[in-house]
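Quick note on my numbering: the sequence shown kicks off at 2 and runs consecutively.
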Amino acid sequence: MTKQLSQRSRLVMSGIAGWALTAGLVSLAAVPAHAAEPITIDGMNIDSGGTAVVNDIEREAIAPGLIHVSYDRLDAGGWQQIDVLQAELSEETVKMKYLSPETVAGNGGTVTEMVERENAVAGVNLDRFDINNSWAAAGWGIADGEIVKSGNPDATASVGVTSDGLGALVDLVLEGSVTFDDDTTVSITGINVYAMDTSGVALYNSQWGEFSRARALATPDAGVEVQIGADGVVTAVAETVGAGAIADGTQVLVAADGTAAAARLLQLQAGDSAEIAYGVRDDALDIEEAGGAWHRLLTDGEVVDNGQGGHFTTENPRTMIGFDDDRRTAYFVVAGGRSSTADGMVFSEMSALMRDLGAEDAISADGGGSSQMNARLPGDSATSIMNSPSDGYERRDANGLGFTLAQAGSGQLDDIIVDADATGDDAHRVFPGLHRELTATGVDETLSTVDGGTFSWTDDAETVAVEAVDGNHARVLGGAEGPATVTATSGAVASEFEVTVLNELERLTASDSVLSLTGLDDSANLHLTGHDVEGFEAPVEPVDVTVTASREGVVNITDAGDGGFLLTPAVASGGVTLTFAVGDASVQVAVTVGIEERLIINMDEVVSDAWRVTGARATYSVAAGEGRDGGTAARLTYDFTQSTATRTANTRPAVGHPGYEIPGQPGMLKVWVKGSTTSGANAMTYLAYSDATGAFKYVYSSAPQGTEWQQISYPIPAGTAYPIRLQMLSAYETSAANLPAGDMWFDDPVAEVAPEVELPVAGSVTDDTIVADGQTDADPLRVAVMSDAQFVARDPESGQAQGAREALREVVAAKPDVLYINGDLVDEASPEDFVLAKRILDEELANVDFPWTYVPGNHEVMGGAIENFESAFGDTYTSRDIDGTRFITLNTANGNLSSDYAQLPFLRDRLEEAASDESLTGVVVLQHMPIDDPLVTKASQLTDRQDAGLEQDWMEDFRSESGKSIAMVNSHVGVFHSATSDNIPYVINGNSGKDPAASEFGSFTGWTMLGIDPASGDWRNDGKTLADDNSAWFAAEVQTRVESISVTPPESFLEAGEEVTLDPTLLQDDTRRVAVAWPMSYAWTGSSSVHIGAVADAPADAIAALDPRTHRLTALRNGSGDATLTINGVSETVSFSVGAPAPELDVTASVATRTLAGKQYVSVIATNNETTPVDITIDTAYGSKKFTAVQPGKSASVSINSRLTTLPAGEATVTSTGVIDGESVTTVTTASYPAS
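Quick look at the structure:
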C-alpha cells in the first residue's frame, strides 16, 4: 500500500493556493470582504465568515481523530496568529487528560513538562495561578476521577470530560466534612487551595507539595493546623500552620484563627479519630478529568456578555476551550499576542472565533505569557511548541489540559514520514549536482514512532538520483531541472517525498554575514541559501560545501543536522573570515569571539566642540547638562508642538567637525538617555553615523520611558562599510497625536565591539529585468512610472518640482500607454501641496491620450490626513485592465497594507478574477513601499512584515496556481533597483525629483518605462514550467535623467590584445556625476567593425569587442572604429584605432592672402621634406593646381585669384602622394587663412 502522509502528513496553504485547495478559485466582484466565500477546514471556518483574510494555513494530523490547524488571520482589527487542536473524542481516538506538575504548589511546570509527564500527544495551558508564590492553580483539578485540588472560593468554572467521554463546561462545587468522635463536624471548604472559605477548613495532602499551607492566611500564626494519619487518627495539633512535604496518606486540616472551625480543631488531641469525606456536590456530573478555567465565552451557541472590564476589552494572548453541540468534538485554541505579528484578542473576538470554529459552548483559560500549545508531530518522540509564547520562552504554569491516545499504538509499521533534514519552506527544492538529505521515520496507526526499521529508496525520474545513507537516511542528488518523486519503502508500506530540481546554482547567500559569539559558551547556527538565475531559492547543505578560514583555530564548524552549520568558539577572543564555496559560487561570513563596551565620546566635548542643533518643524537648543554620573551630558531642549508632520532635533558638533570615531566594527551602539516633558510623551530617539564612504546612515529606536536614565540600543545593520563615525544624537516624532515639548539628555555613547575581522566581500547582484536603452520602444504595452519628487506648495519652483516636471515631459514625449505616479509626489501632504500637484499634472499632462493614476506614498500623509489626497486624486487603491494585463495599485502610505484593510480583500479578489479571466495573462502590482528594501538598512520596506509575507505569498501563489505572470513595482527607497524572486520581478523606481539616497547602486534621478508583452504572460499555456525563463513578458527600462555624458577616450592607437575601460559617467541635476552602471538602462553601439559583447563571441573580422556591462574595450586586430553610448536619448561617441599608426609624408603647407588690382589672392606653399620626390595637389575654394615629382627640399607654390574684393576665412588642402618603404602613401594636410 502507498499512503499520502509523507512530508509530515501536512496540508500547507497560503494565499490563493489555500483558497484553491479549500474553496476553489472563484471570481469575485469588487465588493467588500464579507462577500468572499468562507474558508473551512474540517468543518471549521477560519476567516470570520469570509470577512477576514488568512495566510500560512497548515493542517496536520497529530493522532487518530486529532488534528492541528494553524493560520494567520487579518481583519480590520489587525493580525492574529491562531493555533487550533480539533479532537474527535472516542474510545478509538483520543481522550482528554488533566495535566499538572508533580505537586500543586511549588514551582509549577511548563506545558512541555506537563504534557510529557502524562504521556499526552498534545495539550494547552489552563488555569490562572498564584504566580511567584505557591504557583498553585486557582481552580479545580480532577484526574482519573479523583480530586487533585478544589477551586478557590471564586474559581468554580471548570472544563473537563465525563466518564463516558463527553466534553463538559461545569461549575464545580466542593462538598465535604470532617466528623469527629463526638459526631461533631466541620465543613471542608477547600482542598489544596491558596485561598479559602474561612467558614470551614482547608484540606492539604501530599499532592500539595512543600510550600507553606498558610498561603491562604495572613501569616502562619493566623491559623491552626491538625494532621490526620492514613488511619484517620489525629497525629498532631498546632497553633501555627506549617510547611514542608506531607507524607502519603496524611491529611492536614487548616482553619483561620477566630473561626468556629479553628475552635473545634483546637479541642482535638493526638489519638482522636477523624473521618474525612469529600467530593463534587453533584455526583451526576460524573467528571473524569477536569481543570479550572475562567470566563464563559459561549453557552448553547450564544455569546456570553462578560461586560466591559479591562480584562475583557484588552488585547492579549488567549487560550480557549470549547465543545460542539454533542460534546464529542473538542476545540483547544491559542491566539497569539503582544508581538509585531499578533495583536491578541478581546473577549468578543474570542467568542466569535470559537463559534466560527464550531463550538457550541466555550470558555477562556489563562492567557498572556501563559498561553501555549504543544503537539507531538508525526514521527517525533516528544511534543513541540506550536505557537509563539509572548514572553519569548515557556512560562511555568500551574496546570493544563491535554489529549492522550485512547488506545495504545500497535507498534507495527503503518506509514512512513519522509522529511528533509533542512528546514524552511524550500527544503523540497535542490540544485543540479547538489544534495538534499532526507530522513524516514516509521509510525504506527496512532502516528507514534516505530523503533528500528530499514527503508529502501527509489526515484521516478531522471531529474534526481537517490542513494541510501543508512537505515533511515537518504541523499537525493539533483539532476536536470524539473519535478521528481522519491519513495521510501519498507515491506508493503511506502511513502513519497516530492522534489523539485531548480536551474543551476547561480549564487550563495548566508543567513548572517557577521556572527558575534560572546564567549566560549556561546554558539551560533548558520544556514546557506542558493539562488538560481530566476530567483528560486533552496537550502544548500554542508555535504556540498567547502569551508575555508582566514585563520585556523578560531571557531569549530560542524554539521548541525538541520541542513546548516553549528559554529562554536575555539578561543576566548578572536576573529576569522569564513568562505563557504560550492563550485564557482561562494559567500563569506565574518565571525568574532568575545565582546566589550567601549566609550565613543566623553560628553565634556559638547562644550569644546561647540555642539549645535539642526532639525525640522521644531524649535530647539542644546547646552551642557548634568550627566548620569555627575559629569556632562548633552541637554536638548525641544518643542515639537508646532507641527503634526515629522519633527526632528539633532544634537551634533560644529559645522565641519568630522564626527567622532567609533572603535572597531560594532553591531550595536548604546546611549544613556533620559527625558522630561512639559507636554506630550517623550519623543523617540535616533542617531546618525557616517560610514567609510562618508554617507550618513540613521538608526531609529525608542523613546525614553519616564524621567530616569536608561540605556537605549541602536543596532548597526549588517553590511555597513566600516569604519564609522558618530554624527548626531537626536529626538524625533512622527505621531500627529503626540506633541511633546521638553528636555532630553544624552550621555556616554558606547559601542559594543568585537575583535576586528576582515568583513565579508559581498558581490554585486544585478537583474536582467532592467534592459538596455531603447529596448521597450517596440513592446506592445508600455507603462511609465515616476515617483518621489517631494515638492511643497510654498516652493513651487524648487528643484524637486522642476524634477517632477522634467520627468513628466520625458514621459509625455515617450508616449506610453499609461502612467503611474507611484507615491511621494508631494512632501508634506497639505491641501496646498495637492493643489500644486494637480496644477503641475494638469499643465504637463494636458491633452495626453493616455490615462494616469496617482498612488499614495508615505509623504501623501506625512503632514496631513489621507483625506487630503483622496479629495484631490480619488481612491487610495485601484484596478485597471489594459491590453490583457491587470494593474493593481495599493496604499502603503502608513508603511503597511493592513491599516487600509479593505484593500487586502480587494487585492485577493482582483487576483482571483485575473487567475480565471481568460482575457488576462498577467498582473502588475504597484505600491509605494517595497516588500523588501535592497539597502542594508532595510529602512524603506513595509514595516509590517506580516503584511509583506502575505502579499508575497499571494503573488507567488497566483503565479504558480494560475500559470500567469505577475510583477511588482515600488518606489520610496530613493534608488533604482530590480530583483527577481521565484520568477517574479520586483522593480523599484528611484527618485524623480528629490535627490537620491546614498548607495553603491541606483543612486540617481529619473523614471522607469515598463515594457510588457501580454502574449507572453500566460507561460503555462506556452508550455513552460514554473522555473523556465519568461523575461519576454516583462522588462524595465530605467530612464536616467541626463544632461551630458562623458566617456574616457582610449589612446589614439591600441595594440591588438590591449584592454582599456572607457569609464563613462553622466551629469544630472547640474552637479551630480554618476558612473554609468546597472541599474541604468544604457546602450553601446559600434561601427561595423566593433563587436558589442563578449570577446569570445566577436566575429572574425571585428577589430575590437566592447563588453557593455563592464565598459571594457578589447582590441582584437588592426583597424579603426567608433563606439557610441546612448542613455535616455543622449549619446556620446569615442573613436579609436588598433595597430601601428599609418605612415605619413612629411609635407608642410603654409597659406597667405594678398591684394592685387583690388582682387584677393590665396597664396599656398607646400614644401617636400622627404628624401624622395612627391606629387602635390593644392586645392582652394577658388581653384587648384597639381605638381608632379616635387624634389626633396623643394616647394610647390601657387597664387589663386579669388576674383573677390573681400575674402572670407577659409583653408587650403594639400594632398601629397609618394613612396615610403616601397608602399604608396597619401597624406592630406590643411592650412587655414583669416578673412581679409
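By construction, the Cβ of each residue, glycine as well, lies at the ideal position given by its N, Cα and C atoms.
Source: prediction; values computed, not measured.
Going by beta carbons, Val-85 and Ala-137 fall outside the 8 Å limit. Taking each of Thr-678, Thr-342, Glu-176 and Asn-120 in turn and checking the Cα distance to Tyr-72, the smallest one comes out for Thr-342. Taking the Cβ atoms as the reference, Ile-601 lies roughly 6 Å from Tyr-661, within the contact range of under 8 Å. Taking the CA atoms as reference points, Arg-356 sits about 15 Å from Ala-53. Taking a cut-off of 8 Å on C-beta distances, the stretch 693–708 does not touch the stretch 624–635, as fewer than three cross pairs fall below it.
Counting C-beta pairs closer than 8 Å gives three or more between the stretch 360–367 and the stretch 319–331, which meets the contact rule.
Ranked by Cα distance from Glu-1044, the first of Thr-1006, Thr-1168 and Arg-636 is Thr-1006. Contact check for Val-827 and Glu-861: beta-carbon distance about 7 Å, within the 8 Å limit, so the pair qualifies.
Under a 10 Å Cβ-count criterion, Thr-241 is classified as exposed, with fewer than 16 other Cβ atoms of the shown protein chains found around its own Cβ.
In the displayed model, Asn-971 falls within a strand according to three-state DSSP. The stretch 529–539 and the stretch 427–434 touch, with three or more beta-carbon pairs separated by less than 8 Å. For the 8 Å CB-CB criterion, Ser-1090 and Ala-1101 do not form a contact. For Met-115, the three-state secondary structure derived from DSSP is helix.
Here Tyr-639 is buried, its C-beta having at least 16 other C-beta atoms within 10 Å. The stretch 897–905 makes contact with the stretch 945–957; the number of CB pairs closer than 8 Å reaches 3 or more. Where Arg-265 is concerned, the enclosing alpha helix (DSSP H) starts and stops at 261–267.
Unbroken alpha helix (DSSP H) runs of no fewer than 4 residues, entirely contained in the stretch 925–993, are found at 946–963, following chain order.
For the pair Glu-829 and Phe-835, the Cα-to-Cα distance works out to about 9 Å. Here Ala-331 is near Leu-90, since their CB atoms are less than 8 Å apart.
Listed as beta-bridge partners of Ser-49 by DSSP are no residues whatsoever. Per the DSSP secondary-structure output, Gln-87 pairs in a beta bridge with Ile-68 and Tyr-332. Ranked by Cα distance from Ala-815, the options Gly-370, Asp-445, Gly-1130 and Ser-1185 are led by Gly-1130.
Counting along the chain, Asp-882 sits inside the beta strand (DSSP E) bounded by residues 879–883. For Arg-613, same chain residues with a beta-carbon under 7 Å away, outside a window of 5 residues either side, are Val-623, Arg-653 and Ala-655 in chain order. Between Arg-339 and Asn-375, the CB-CB gap reaches or exceeds 8 Å.
Listed in chain order, the beta strand (DSSP E) runs fully inside the stretch 235–315 are 235–239, 252–257, 275–281, 288–293 and 297–300, counting runs of at least 3 residues. Of all alpha-carbon atoms in Gly-1184, Thr-1227, Asp-1098 and Leu-1157, the one lying nearest the alpha-carbon of Thr-1207 is that of Leu-1157. When DSSP states are grouped into helix, strand and coil, Gly-370 belongs to the helix group.
Under the three-state reduction of DSSP output, Val-607 falls in the helix class.
Along the length of the stretch 148–180, whole beta strand (DSSP E) runs at least 3 residues long occupy 158–163 and 168–172, reported in chain order. Around the CB of Arg-599, fewer than 16 other CB atoms lie within 10 Å, so the residue is classed as exposed.
When the Cα atoms are used, Arg-1110 and Ala-773 turn out to be separated by approximately 10 Å. Taking the C-beta atoms as reference points, Glu-1133 is found no nearer than 8 Å to Gln-776. Comparing alpha-carbon positions, the option among Glu-709, Tyr-723, Val-672 and Pro-718 lying closest to Ser-731 turns out to be Val-672.
Our two residues, Phe-792 and Arg-806, have alpha carbons roughly 11 Å apart in a direct line. In the structure shown, Leu-516 falls within a strand segment according to DSSP collapsed to helix, strand and coil.
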